[in-house]
Structures are given as C-alpha cells and as structure tokens.
Ligand SMILES: [Zn+2]
Ligand SMILES: [Zn+2]
C-alpha cells in the first residue's frame, strides 16, 4: 500500500485518560517519528463516570499536558487540543460546563455504554441470546441518534463500536442491516449540521479486523451528502500512533472523498488526499 502525504491522526489517549499509558509528549514524539503532520490528543471525558474517573482533575491535567507538548513540538508537528466526550447526552449540562472550561480545537462525540451500565465491551456476548444482543444494539443505535442530535461535537466517533466486542465473542451471526434506516437518519443529522464522521482504525489491530464504521457506511455517508471525514487511530500506546491511517485514507478515496478534515478552533480544515 502506497503511503499517503499529510498523515493526520485525530484520536489518541494519554495517561490522563483512565485507560491511557503515556504522556502527551511521548505520544507527540511517536507521531513525529511516524511522519505525521497533524495530531489531536483526545483524552476520555466520560461524563457519566465523572466522579469515578476523577474528571475534574484529569481534564485539567490532560489540557495542560497538551499545551505543554504543543509548545515543545511546535516546529515539528501541529498538535490540536482535543477531547473525547463520552456519553455527553447522559448529562448535557455537565458536558457543556466542562467543555467551556478550556479552549478546545476539536471535540469527539462517543457512546461506549448504555445509561447507568458498563461499557459495551464488558457485556457477556458469548452467553447472551441473539434477542438480547439485538436489544442491546437497538438501544445503542437510539443513543447514537440522540448523540447526533445533540450536536455539540465536531466528529462522530466509532459508529458500530459494540460490534468489535460482539465479533470478538464469536457471535458472527449478528449483523447490522436492520439498523440501516436509523443509520441513515443519523447521517442526515450529521450532514445537516456540517459534522464529520470518524473512520476509527483501532478495529484493524483487533480481532474484528475492520475500521469502525466499515467502508460501506462511509460510502453511504458520502452518498447522502457527507462532506467531512476525520481519521483516528484511537491509540492508547505510543506504538499505535498513526496506525491504520493509510487504510483510512484508502477507504475515504474508495468512497469518493477527495479531502479529509481536521478541526482547529472547532472549525473544519480540509486536507487533500494525495499520495
Ligand atoms: Zn471512544
Ligand atoms: Zn478513544
């Protein structure tokens, strides 16, 4: 696979995330070593785990570390001040108050768990009935639709997230075509609001072996009029910074996109896809 120019990775986590390991500086050093030109550091802010994740403190540490790394690497790479807002629709006032604390370039919107429940990754898919899995997915797509309508983010992250765990549990009979209508509704809201769709490449290094969402969704987004795409490795380790971004570009190109997007001061910047 030929390498693309202007490698951009807009989704990664530092040790300021509950599941991160490295400093912002270490993530930036890896990005430079891997030839990236723009990155966003996007630590987790799972609104519904505000107390448990000690987010009041973590958000501050995350932001300050990003600012520090941004200065250290100023002549080598563009570092964007990002955040991944998890489940923002579960507490919109707290979300909005938290976003207003700092000047972000870029906000990711995500859903990782149903209301008041653990992460989709913690479900026992092996022992759930097919109906139970579909009922969890019904709820997931409803929550994704609510997230799209909330509209306080720049990119809509890792659509089809539960599938990576469902596939990992060997439940290959589960398929998503019954959600095509609601997915179209989600895309129409994103497009009407000028929001981006994320191609999250973390699935490429996991058993599912595919991006979230997969190419068919990206093609549908384009067909409905989608304009903005972001690419993100969702790296939690330095060695994954930039991982799969070339595959993301290839998918974008296959689906007819000529540009990918990054966000600076919450405004889209289009970057031509070229080899
Ligand atoms: Zn996420
Ligand atoms: Zn993430």
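Numbering (the working numbering), first residue to last: 15 to 289. We treat Cβ as the ideally placed atom computed from N, Cα and C, and that holds for glycine.
Heavy atom of ligand 2 within 7 Å of residue 27 beta-carbon: Start at 1 with the first residue of the chain shown, and residue 27 comes out as number 13. Residue 27 Cβ: within cutoff of ligand 2.
Three-state secondary structure assigned by DSSP to residue 28: In the chain shown, counting from the first residue as 1, residue 28 sits at position 14. In the structure shown, residue 28 sits in coil (DSSP, three-state: anything other than H, G, I, E or B).
Distance, residue 111 Cα to residue 83 Cα: Stepping through the chain shown from its first residue, residue 83 is reached at position 69. Stepping through the chain shown from its first residue, residue 111 is reached at position 97. Rounded to the nearest angstrom, the two C-alpha atoms are 25 Å apart.
CB of residue 125 within 8 Å of CB of residue 175, strictly: Numbered from 1 along the chain shown, position 111 holds the residue referred to as residue 125. Numbered from 1 along the chain shown, position 161 holds the residue referred to as residue 175. In this structure, residue 125 sits near residue 175, with a CB-CB distance shorter than 8 Å.
Residue 248 beta carbon near ligand 2 (any heavy atom closer than 7 Å): The residue labelled residue 248 in the question sits at position 234 within the chain shown. It does: the Cβ of residue 248 is within 7 Å (strictly closer) of some heavy atom of ligand 2.
Whole-angstrom C-beta distance between residue 34 and residue 57, which should lie under 8 Å: Indexing the chain shown from 1 puts residue 57 at position 43. Indexing the chain shown from 1 puts residue 34 at position 20. Correct: roughly 7 Å between the Cβ atoms.
Distance between residue 255 and residue 48 (C-alpha atoms, nearest Å): For this step, residue 48 is matched to residue 34 along the chain shown. For this step, residue 255 is matched to residue 241 along the chain shown. Using only the alpha carbons, I get a separation of about 8 Å.
Which residues DSSP lists as bridging residue 58, in chain order: Here residue 58 refers to the residue found at position 44 when the chain shown is read from its first residue. Per DSSP, the beta bridge partners of residue 58 are 98.
Cβ-heavy atom distance, residue 98 to ligand 2, below 7 Å: Indexing the chain shown from 1 puts residue 98 at position 84. Residue 98 Cβ: within cutoff of ligand 2.
Inter-residue Cα distance where the pair is residue 234 and residue 198: Taking the chain shown and counting its residues from 1, one reaches residue 234 at position 220. Taking the chain shown and counting its residues from 1, one reaches residue 198 at position 184. Distance from the CA atom of residue 234 to the CA atom of residue 198, rounded to whole angstroms, is 8 Å.
Sequence-distant residues of the same chain with beta carbon closer than 8 Å to residue 236, five excluded per side: For the purposes of this step, residue 236 is taken as the residue at position 222 of the chain shown. Excluding sequence neighbours, residue 236 sits near 269, 270, 271.
Residues bridged to residue 270 (per DSSP): Against the chain shown, residue 270 aligns to sequence position 256. DSSP output for residue 270 lists no bridge partner at all.
Residue range of the beta strand (DSSP E) that includes residue 210: Against the chain shown, residue 210 aligns to sequence position 196. Boundaries of the beta strand (DSSP E) harbouring residue 210: 210 to 214, taken from the DSSP string.
Through-space distance from residue 171 to residue 96, alpha-carbon basis: The residue given as residue 96 occupies position 82 in the chain shown. The residue given as residue 171 occupies position 157 in the chain shown. The straight-line gap from Cα to Cα measures roughly 13 Å.
Contacting residues, own chain, Cβ-Cβ under 6 Å from residue 248 (five flanking each side not counted): On the chain shown, position 234 is the one that residue 248 refers to. Cβ within range, chain order: 25, 214, 216.
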